[in-house]
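K.L.:
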């Protein structure tokens, strides 16, 4: 649990710095887009590794 707590604190500091530098609206928009992009990459990795999952890619 301590490892997670330490990472949470670092994440919150980084998020606060991003919001301070870019503003809340831009930081939120870009962060959401980046999370979506990371999910997309992961889904592509899954379908490339297991072609049987390709049908699910359209619903992810």
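Numbering (my numbering), first residue to last: 1346 to 1405.
All residues carry an ideal CB built from backbone N, CA and C; glycine is no exception.
Every value quoted in this text rests on a predicted model; they were computed, and no experiment measured them.
Whole angstroms are fine: how far does the CA of residue 1381 sit from the CA of residue 1389?
P.N.:
On the chain shown, residue 1389 is found 44 positions in, with the first residue counted as 1. On the chain shown, residue 1381 is found 36 positions in, with the first residue counted as 1. Rounded to the nearest angstrom, the two C-alpha atoms are 12 Å apart.
K.L.:
Alpha carbon to alpha carbon, how far is residue 1354 from residue 1360?
P.N.:
Position 9 of the chain shown holds residue 1354. Position 15 of the chain shown holds residue 1360. Taking the straight line from one Cα to the other gives about 10 Å.
K.L.:
What is the rounded straight-line gap between the Cα of residue 1392 and the Cα of residue 1352?
P.N.:
Sequence index remark: in the chain shown, residue 1392 carries index 47 (1-based). Sequence index remark: in the chain shown, residue 1352 carries index 7 (1-based). Approximately 30 Å between the Cα atoms of the pair.
K.L.:
Helix or strand or just coil, what does DSSP make of residue 1404?
P.N.:
As a first step, residue 1404 must be located in the chain shown, where it is residue number 59. It is coil, neither helix nor strand.
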